[in-house]
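Under numbering that gives the first Met the number 0, the residue at position 8 of the sequence shown is numbered 7, and the numbers go up by one with no gaps. The beta-carbon is built from N, C-alpha and C at its ideal position, and this holds for glycine as well.
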Amino acid sequence: MLLSSLNTSLEQLVRKRDLIRELDQKIEAKTTDEKNLETEIFEAEELSCDLEEKINHIRKYIDLSISALNNPSTVSTQENTGSSLPSVSQNTNTEPSSAAAD
0 MLLSSLNTSL EQLVRKRDLI RELDQKIEAK TTDEKNLETE IFEAEELSCD
50 LEEKINHIRK YIDLSISALN NPSTVSTQEN TGSSLPSVSQ NTNTEPSSAA
100 AD
């Protein structure tokens with residue numbers, strides 16, 4: 000459930016980034032004052048970098064989460080090293096099932 004929510008947030012951020020790029024191009028085309036243009040470019044670049052950083056963090060977290068779910072034995076090793084990987088519970092029950100005991 001958490002991964003689907005993160006995927007939705009990721010998609011929203013990507014759409015927002017694309018919309019902001021389009022708006023930046025329109026603003027740049029309409030701005031005639033060089034001083035204002037420089038300010039607009041700087042602010043747009045700063046916002047773009049922030050969005051890209053958030054997008055990359057979410058993508059990395061999703062990739063690591065999927066990897067942890069597919070390879071649960073690696074999670075305990077990375078949890079011991081202080082990694083921020085999500086924890087995945089493992090079934091360590093070694094007792095035979097009741098069907099095998101009959």
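Does the count of Cβ pairs from the region 27 to 40 and the region 54 to 64 closer than 8 Å reach three? By the Cβ test, the region 27 to 40 is not in contact with the region 54 to 64, since fewer than three Cβ pairs between them sit closer than 8 Å.
Less than 8 Å separating the beta-carbons of ILE54 and VAL13? yes
ALA43 beta carbon less than 8 Å from that of ASP17: no
Alpha carbon to alpha carbon, how far is ILE19 from HIS56? If I take the Cα positions, the gap works out to 19 Å.
Taking only runs that begin and end inside the region 19 to 72, name each unbroken alpha helix (DSSP H) of 4 or more residues, in chain order. 33 to 69
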